[in-house]
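Step one of this worksheet: look at the structure below.
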Ligand code: GLA
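Written out as structure tokens, the structure is:
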């Protein structure tokens, strides 16, 4: 839906014009998985699929929420009594952001909000963070709160952790708020410092394919939290503030101090941090064609040591690699969602066909396959 259509739709639904329209993108993570809450490194980029919100401020404390997809009914709440247990579906995200801003002492007025989004839901492309980042950008302006990107990142993390109930880190919202066209966002999750790293597949004769397995997942389920708990246990036993403080050379000693499972969790995080740093180096020195082996190694580590893949993701990775991709890995939190496959332009069609065929032969739902390029971060559209 265009910005003008969204404004029109808003006006006819709420009987007044919106104060503005804001958008924020989903993301793919090039590399650096489950490293963010270990104060490590990540390298995601914002994609050209976005959530857009038209918002109008009200004179009272009522919040009315409407979307162009899924449940078409209007949800009503009040800024004075936000109830996380009662919030349903996507409405948790805007309500969570209002709640999080309130926790930071920001007075949020009642609003009418219309959401439109083309970020696929539950595909591991951060559709929820796209909504949260569009809303936090809007409310930051509309309330005059004057938060910088780092503070908006923390506000949306608070919304996710304490309102939505998913113990996630800061990667997704950082990509959505701080992304930039043509660049991946190299983020140090300890101090939120960012370096933009050019990532343009096309001039290197490559495309980045996303293979959405259609296996949906929720990070409010137990798998994500249990991985996080293992990492915290590992850091505690090894006497470091966060796993970020360990390097590959520390792993041998760690293997003697940790139980076998905790060790594998720790090993994934420590080696993944190292792979992020190597990827950044290689992208600068040799370009995107040189990072395939690191993507592959990242997937193996998630599959075998962190155990967050699933048969559909493994098949997407194996089938794309076997048919011509130069590197492939699951992206995002895991347990479903999408894989990325860095693929020579000349092999794109053959990879698409091979993956679809492999899914059909395995009796899996047909995957959705599309290309992504690094796009701009959150912005005001009108
Ligand atoms: C989800 C979380 C992120 C990050 C990834 C795994 O996307 O929201 O904070 O932990 O999983 O890298």
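Residue numbers (our numbering): 19 to 400. Don't be surprised by glycine CBs; every beta carbon is placed ideally from N, CA and C.
Three Cβ pairs or more, each shorter than 8 Å: is that satisfied between the region 71–86 and the region 248–265? No, because fewer than three Cβ pairs between the region 71–86 and the region 248–265 fall closer than 8 Å, the two stretches do not touch.
Pair within 8 Å by beta-carbon distance, residue 42 and residue 68: At a Cβ-Cβ threshold of 8 Å, residue 42 and residue 68 count as neighbours.
Going by other Cβ atoms of all chains shown within 10 Å of its Cβ, with 16 needed for buried, is residue 70 buried or exposed? With 16 or more Cβ atoms within 10 Å of its Cβ, residue 70 is classed as buried.
Ends of the beta strand (DSSP E) at residue 201? Element bounds for residue 201: 201–206.
Among 181, 177, 86, 325, whose alpha-carbon lies nearest the alpha-carbon of residue 24? The shortest C-alpha separation from residue 24 is found at 86.
For residue 130, which option in 160, 118, 146, 144 has the closest C-alpha, if you only look at C-alpha atoms? That would be 160, whose Cα lies nearest to the Cα of residue 130.
Under the criterion of a Cβ to heavy atom distance below 7 Å, does residue 180 qualify as lining ligand 1? With a threshold of 7 Å, the Cβ atom of residue 180 does not count as near ligand 1, since no heavy atom of the ligand is closer than that.
Does at least one heavy atom of ligand 1 sit under 7 Å from the Cβ of residue 56? Not under cutoff, so the answer is no.
Ligand 1 and residue 291: does any heavy atom of the ligand fall closer than 7 Å to the residue's C-beta? Checking the Cβ of residue 291 against ligand 1 gives no.
Sort 123, 140, 190, 386 by Cα distance to residue 239 and report the nearest one. Per the Cα distances, 140.
Could you check whether the region 87–106 touches the region 44–57, counting it as contact only if at least three pairs of C-beta atoms, one from each stretch, sit closer than 8 Å? No, they do not touch.
Please report how far the alpha carbon of residue 312 lies from the alpha carbon of residue 349, in whole angstroms. Cα to Cα, the separation comes out at about 13 Å.
Restricting to runs no shorter than 4 residues, where is the alpha helix (DSSP H) found entirely within the region 101–130? Look at the region 101–130 and you find these whole runs of alpha helix (DSSP H), each 4 residues long or longer: 110–121.
Taking only heavy atoms of ligand 1 into account, decide whether any of them is closer than 7 Å to the Cβ of residue 101. Checking every heavy atom of ligand 1 against the Cβ of residue 101, none is found closer than 7 Å.
May I ask you to report which of helix, strand or coil DSSP gives residue 353? Coil at residue 353, not helix or strand.
Return yes when the C-beta of residue 286 is under 7 Å from any heavy atom of ligand 1, and no when it is not. Relative to ligand 1, residue 286 has its C-beta separated by 7 Å or more from all heavy atoms.
Flag this pair as yes or no: are the beta carbons of residue 394 and residue 146 separated by less than 8 Å? No, these two residues do not count as a Cβ contact at 8 Å.
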